[in-house]
Amino acid sequence: MSVKLNDKQIKSLLRKKEPGRFAAGHGLYLRVSNEGTGFWNVRYTIDGKRCEITIGRYPDLSLANATMMAAKLKVDVREGIDLLAEKKRSATVKVKTVNELAEDWLLDFDRRLKHPNIPCARYKNDLAPQFGELSLDRITPLDIRAAIEKIVKSGRSTIANDALGYCKQLFRHGIRLNLMTHNQAEAFTVMQAGGIEKSRTSALSIDELITVFSYFRDNSDQFARENYLAVALLVVLGVRKGELVAASREEFSLDEAI
Numbered sequence: 003m004s005v006k007l008n009d010k011q012i013k014s015l016l017r018k019k020e021p022g023r024f025a026a027g028h029g030l031y032l033r034v035s036n037e038g039t040g041f042w043n044v045r046y047t048i049d050g051k052r053c054e055i056t057i058g059r060y061p062d063l064s065l066a067n068a069t070m071m072a073a074k075l076k077v078d079v080r081e082g083i084d085l086l087a088e089k090k091r092s093a094t095v096k097v098k099t100v101n102e103l104a105e106d107w108l109l110d111f112d113r114r115l116k117h118p119n120i121p122c123a124r125y126k127n128d129l130a131p132q133f134g135e136l137s138l139d140r141i142t143p144l145d146i147r148a149a150i151e152k153i154v155k156s157g158r159s160t161i162a163n164d165a166l167g168y169c170k171q172l173f174r175h176g177i178r179l180n181l182m183t184h185n186q187a188e189a190f191t192v193m194q195a196g197g198i199e200k201s202r203t204s205a206l207s208i209d210e211l212i213t214v215f216s217y218f219r220d221n222s223d224q225f226a227r228e229n230y231l232a233v234a235l236l237v238v239l240g241v242r243k244g245e246l247v248a249a250s251r252e253e254f255s256l257d258e259a260i
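Numbering-wise (our numbering), the sequence shown opens with residue 3 and increments by one.
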């Protein structure tokens, strides 16, 4: 029967830099490296297979705490939980905050959409600064409302509607991954965002266009240069937005202005 270690014996082993594995009881072992560093290992058997997992280093993890952790891990093993499999899983699955969920969600857009930069920009510019760093269990409808209202107050009603739609998609993604049980944005409608959008049939005159583009330039902090050039192209070319966005560079001839 192995003699259980105590703190005095552990310190003596480390001073001597005596490599080996020393039993501390209940499947807990102190492994001493050639350099004299001590690591806590827990041995266990699951599905007839002998396994071993490192849980910490001494003295960062004391003998008393290592013993308690080993006892808890043994309970997990009795319930059929493979500790090594869980350790590998926790190393790859790290979705705890809204930003981490959004990173996974936006990968899906990269696969499905021709222009995934639109939802990506909407999230990063308008939603992430408001609640992106919150953990998934801390996000509330109040956080959603505050983010949407800020967009509305900036005079971007259509963007507010888009942002609300992306919020709903984002948290549905969290529910699909079993990371959330409730969609915090689901109860909101466009009436709590930018309102119902109505199509227009009027055409702007040349003087009105001059006024509009002048306004764009005066408010470049809200209407970026890329948007300014895109609208100018839409007016000059007379094409739909989708046609312009999908156009390839080969369809433009700068030399011939075609």
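Note that CB positions come from ideal geometry on N, CA and C, so glycine has one too.
Given a cut-off of 9 Å on the beta-carbon distance, is the pair residue i and residue j in contact?
{"i": "A165", "j": "A189", "result": "no"}
{"i": "K98", "j": "L138", "result": "yes"}
{"i": "L85", "j": "I48", "result": "yes"}
{"i": "G40", "j": "P61", "result": "yes"}
{"i": "F24", "j": "R33", "result": "yes"}
{"i": "I141", "j": "Q171", "result": "no"}
{"i": "A72", "j": "A26", "result": "yes"}
{"i": "Y31", "j": "K76", "result": "no"}
{"i": "L246", "j": "L239", "result": "yes"}
{"i": "G103", "j": "C122", "result": "Per the sequence presented here, residue 103 reads as Leu, with Gly not at that position. No, the pair does not count as a contact, with Cβ atoms beyond the cut-off."}
{"i": "F215", "j": "V192", "result": "no"}
{"i": "I153", "j": "I146", "result": "no"}
{"i": "V100", "j": "L63", "result": "no"}
Taking residue i and residue j to be in contact with their CB atoms under 8 Å, please state how far apart those CB atoms are, rounded to whole angstroms.
{"i": "N229", "j": "E199", "result": "At roughly 18 Å, the Cβ-Cβ gap does not stay under 8 Å, so N229 and E199 are not in contact."}
{"i": "L211", "j": "V237", "result": "7 Å"}
Taking CB distances under 9 Å as the criterion, tell me whether residue i reaches chain D.
{"i": "M71", "result": "Within the model displayed, chain D is absent; a lone protein chain is all it includes."}
Just the Cα atoms here: how many angstroms apart are residue i and residue j?
{"i": "D223", "j": "N180", "result": "39 Å"}
{"i": "L235", "j": "D110", "result": "30 Å"}
{"i": "K19", "j": "L7", "result": "16 Å"}
{"i": "I57", "j": "R113", "result": "38 Å"}
{"i": "I12", "j": "K96", "result": "35 Å"}
{"i": "R124", "j": "I208", "result": "31 Å"}
{"i": "N43", "j": "D9", "result": "16 Å"}
{"i": "D220", "j": "C169", "result": "30 Å"}
{"i": "S35", "j": "S14", "result": "14 Å"}
{"i": "G197", "j": "S204", "result": "20 Å"}
{"i": "R59", "j": "N67", "result": "11 Å"}
{"i": "A249", "j": "R242", "result": "11 Å"}
{"i": "A259", "j": "R251", "result": "13 Å"}
{"i": "S156", "j": "E54", "result": "57 Å"}
{"i": "M70", "j": "N127", "result": "46 Å"}
{"i": "A254", "j": "H184", "result": "According to the sequence shown, residue 254 is Phe rather than Ala. In a straight line, the C-alpha of F254 is about 47 Å away from that of H184."}
{"i": "R158", "j": "K89", "result": "46 Å"}
{"i": "A149", "j": "T213", "result": "30 Å"}
{"i": "P118", "j": "F225", "result": "20 Å"}
{"i": "G50", "j": "G167", "result": "50 Å"}
{"i": "D106", "j": "M182", "result": "14 Å"}
{"i": "G22", "j": "K116", "result": "58 Å"}
{"i": "D78", "j": "H28", "result": "14 Å"}
{"i": "R52", "j": "A87", "result": "13 Å"}
{"i": "R227", "j": "G244", "result": "19 Å"}
{"i": "L65", "j": "E151", "result": "53 Å"}
Per the DSSP calculation, residue i is bridged to which residue(s)?
{"i": "S137", "result": "T99"}
{"i": "I48", "result": "K51"}
{"i": "T183", "result": "Per DSSP, none; premise fails for T183."}
{"i": "V34", "result": "G22 and G40"}
{"i": "R59", "result": "F41"}
{"i": "G27", "result": "L30"}
Segment contact flag, the stretch 173-180 with the stretch 120-133, C-beta cutoff 8 Å, min 3 pairs
Between the stretch 173-180 and the stretch 120-133 there are fewer than three C-beta pairs closer than 8 Å, too few to call the two in contact.
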